[in-house]
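Top line first, the protein sequences correspond to chains A and B. One rule links them: number in the numbering used here = place in the first sequence (from 1) + 30. The second sequence: position 74 = 59 (the numbering used here), numbered continuously. The beta carbon of each residue, even a glycine, is placed where N, CA and C say it ideally should be. Only a predicted model underlies this, so the values are computations on that prediction, with no experimental measurement involved. Below is one structure, written out as structure tokens, with a few remarks after it.
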Amino acid sequence: MSVKILTKHFGIKDSHKINVYMKNGGYKQAEKALKEMKPEEILEEVKKSNLRGRGGAGFPTGLKWSFVPKDTGKPVYLCVNSDESEPGTFKDRHILEKDPHMLIEGIIITSYTIGANEAYIYIRGEYYPQAIRLQEAIEEAYQKGFLGENIFGTGYKLDLKIYRGAGAYICGEETALLESIEGKKGKPRLKPPFPAAVGLYDCPTVINNVETIADIPTIVEKGGEWFASLGPERNGGTKLFAVSGHVNKPGVYEHEMGYPLMKLINEDAGGILDGLKLKAVIPGGSSVPILRAEECDINLDYDSVMKAGSMLGSGAVIVMSEKTCMVKALSRLIHFYKDESCGQCTPCREGTGWMLKIINRIIAGKGRKEDVDTLYYIAKGIMGHTVCPLGDAAAMPVISFINKFRDEFEYYAINKKSMVE
Amino acid sequence: MSIEISENLRKKIEEIKNKFPTGKSPILPLLHAFQDELGYISLEVEEEIANIVGVSPVYVREVSTFYSMFNNQPVGKYHIQVCGNITCWLRGYDEIVEYIKKKLGIDIGETTSDGKFTLSRVECLGMCDHAPVMQINGDFYGDLTFEKIDEILDSLE
Ligand SMILES: Cc1cc2nc3c(=O)[nH]c(=O)nc-3n(C[C@H](O)[C@H](O)[C@H](O)COP(=O)(O)O)c2cc1C
Ligand code: SF4
Ligand code: FES
């Protein structure tokens, strides 16, 4: 049995209600943190925990918090990233629906630690029912005095607001998210300066993913060392894996970092649909390189997946059976990145458009043999030449799909039809 | 031409101004509030929001057109948004969307002549565990089959 942190309340009736959360020990860690711990002590535990950001990049959370400058005289903000628009990713939605108070408790502790009196949850606009549920949870927390003035009688004050996005994947990128809250188009900013120094309204700002923040109460409860001990070196804690595609039981599964990918697919997710064979897996959301079936004998932690030539990303595992046409699959992803490019860098804006034209041409049976190389070189030209990582995110699938399934692409371009359909 | 602002919307505007007092931050919440009430973001709405926030109407337009959820034109009473991204495609998007098109007699981007349904294709809705998925006016419908689509669409008044 794996240790459960984030999903431990998921089976309980009305788990999203504050009295149910409190009956199960909820808000005790926020009280302990505010009453008995200094911010530095909490920061120390988070550093020790080896918690790495669950939004995709895997950056050490404690280290990120420590970049917030002290005594600038400006307010500090916490922005919780609930944009969750990376294709294949749906884990944060489960937290919002089933345990919003764990997130809110994490927000209270985090804000206290970094010295913020105002926090925002930026939630993608499509998550409308989830935003309503979250708003109800926030109101419950205000009524209990866990938000607002003088929390737990300590004099600490925190306001928490929801800001709804409106259908723009790029607003999940942290600086685009800030632009969006500032009432602008979601165009990523050049870094540096980093948001820790110059963030929301030009003030020091920490941006963290929903899952990252929901881990914080447990780190306060059980200590950083305990959390770190759950995973391999440098990869603390458990992780929510969102498994989708050609499996019998798509869903969110929580396991310690380092859980084997094939076990996740075959045991948790019930194996491949219709008894078919596994063909490929995208192990970390649509932006990361694809793995062929024979490369899938790996453990799911940031370092192991990196060693296998891909990335753990958001922990979204997209599974494809032998019946999948890789050319068409890639066309879905290129379409997505072309639609979602914010347009401010030429390689990303033009490159994604060119790639879409070429792949659509191949699928329409008008491909030429050299199209495959052209696709590849356009992707190479985008990689590393843009303001934000969306450019790389568009390029990496193209490069990896062609590297690993070149024969299928060439077959389609030359024979004007799919090799597998 | 100015627009009629209901009591409800007026209250919402005040709430938004109080909740997000800094700079242009009220713009997105206002766009949501106006669209919820009026169905789409018309030129008049852009002007109204521009006045409230103290920016030019063209600024509001630039922002609203950046975000795909804001409609620049009226949509049907029910806005059907079918996810066409990777997982939904793996689980049968092509057949699902063809079925809906045929059933309603419209293509993607069109509205039925009675103004009841608009059909759009959208990107991943974060519901891939229930692929194939669609969203209709905020509500999600997953694990779609032809029968389920009949049931859902036939039940909408
Ligand atoms: C194009 C793009 C989209 C992103 N989307 C999300 C998202 O939806 N949710 C998220 O938490 N992080 C997303 N990120 C990562 C954020 O920029 C940021 O690294 C993260 O929110 C930091 O939180 P963490 O350290 O807790 O992971 C995205 C990054 C890029 C480049
Ligand atoms: S890489 Fe693409 S999405 Fe990112 S800033 Fe440049 S144009 Fe915008
Ligand atoms: S791919 Fe359709 S909901 Fe994610």
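- In terms of Cα proximity to valine 318(A), the closest of Glu66(A), Tyr367(A) and Val250(A) is Tyr367(A).
- The continuous alpha helix (DSSP H) containing serine 210(A) extends over residues 204 to 211.
- The beta strand (DSSP E) runs lying completely inside the segment 207 to 270 of chain A and spanning 3 residues or more are 235 to 239, given in chain order.
- Gly213(A) is the residue among Glu71(A), Ile151(A) and Gly213(A) whose C-alpha sits nearest the C-alpha of glycine 39(B).
- Here aspartate 124(B) is bridged, per DSSP, to Ile121(B).
- Secondary structure note for glutamate 284(A): its beta strand (DSSP E) is the uninterrupted segment 281 to 286.
- In this structure, Ile121(B) is the residue among Asp128(B), Ile121(B), Glu132(B) and Leu129(B) with its C-alpha nearest to the C-alpha of leucine 141(B).
- Distance check between asparagine 54(A) and each of Leu330(A), Leu188(A) and Met132(A) places Met132(A) closest, using alpha-carbon atoms only.
- Just measuring C-alpha positions, the residue of Gly86(A), Lys94(A) and Arg84(A) sitting nearest glutamate 74(A) is Lys94(A).
- In the assembly as shown, lysine 87(B) is an exposed residue. Its beta-carbon has fewer than 16 other beta-carbons within 10 Å.
- Arginine 194(A) has Ile153(A) as its beta-bridge partners, per DSSP.
- Judged by the Cβ position, alanine 423(A) qualifies as a neighbour of ligand 1 at the 7 Å threshold, a heavy atom of the ligand being closer than this.
- Residue pairing by DSSP puts glutamine 66(B) in a beta bridge opposite Ser105(B) and Gln120(B).
- Along the segment 109 to 132 of chain A, the positions whose C-beta sits under 7 Å from a C-beta of chain B are Glu114, Ser115, Pro117, Gly118, Thr119, Phe120 and Arg123, read in chain order.
- Of the candidates Ser53(B), Asn36(B), Phe5(B) and Asp99(B), Ser53(B) places its Cα closest to the Cα of glycine 155(A).
- Non-local C-beta neighbours of valine 76(A) in its own chain, meaning closer than 8 Å and more than five positions away in sequence, comprise Thr91, Gly92, Trp95, Thr143, Ile246, Ile249 and Gly254, ordered along the chain.
- One alpha carbon belongs to aspartate 114(B), the other to glycine 136(A), and they sit about 26 Å apart.
- By the rule that beta-carbons nearer than 8 Å mark a contact, glutamine 120(B) touches chain A.
- In the DSSP assignment, proline 290(A) forms a beta bridge with Asn329(A).
- Taking 4 residues as the shortest admissible run, the segment 32 to 110 of chain A contains the following complete alpha helix (DSSP H) segments, listed from N- to C-terminal end: 48 to 53, 58 to 66, 69 to 78 and 91 to 96.
- Annotation: the continuous beta strand (DSSP E) that includes glycine 178(A) extends over 178 to 181.
- Within the segment 353 to 386 of chain A, the complete alpha helix (DSSP H) segments at least 4 residues long are 356 to 370, listed from N- to C-terminus.
- Taking 8 Å as the upper bound for CB-CB distance, asparagine 390(A) and serine 371(A) are not in contact here, some 16 Å apart.
- Close partners of aspartate 369(A) in chain B (Cβ separation under 7 Å): Glu108.
- Here tyrosine 289(A) is buried, its C-beta having at least 16 other C-beta atoms within 10 Å.
- When 7 Å is used as the limit between beta carbons, phenylalanine 51(B) is near these residues of chain A: Ala198, Lys215 and Gly216, in chain order.
- Counting along the chain, lysine 128(A) sits inside the alpha helix (DSSP H) bounded by residues 121 to 128.
- Residue contact with chain A for lysine 88(B): absent (no Cβ-Cβ distance below 8 Å to any residue of chain A).
- Between the C-alpha atoms of aspartate 437(A) and lysine -3(B) there is a straight-line separation of about 57 Å.
- Residue burial is scored here from C-beta neighbours: asparagine 180(A) has fewer than 16 other C-beta atoms within 10 angstroms and is therefore classed as exposed.
- If you look at alanine 299(A), you'll find it isn't in any alpha helix (DSSP H); DSSP assigns it neither H nor E.
- Using a CB distance cut-off of 8 Å, threonine 376(A) does not count as an interface residue toward chain B.
- The beta carbons of cysteine 73(B) and valine 118(B) sit about 6 Å from each other, so the pair counts as a contact at 8 Å.
- In summary, the residues of the segment 203 to 235 of chain A whose CB is separated from some CB of chain B by less than 8 Å are Ser210, Ile211, Glu212, Gly213, Lys214, Lys215, Gly216 and Tyr231, in the order they occur in the chain.
- In this structure, the C-beta of arginine 362(A) stays at least 7 Å away from each heavy atom of ligand 1.
- For methionine 426(A), the enclosing alpha helix (DSSP H) begins and ends at 420 to 445.
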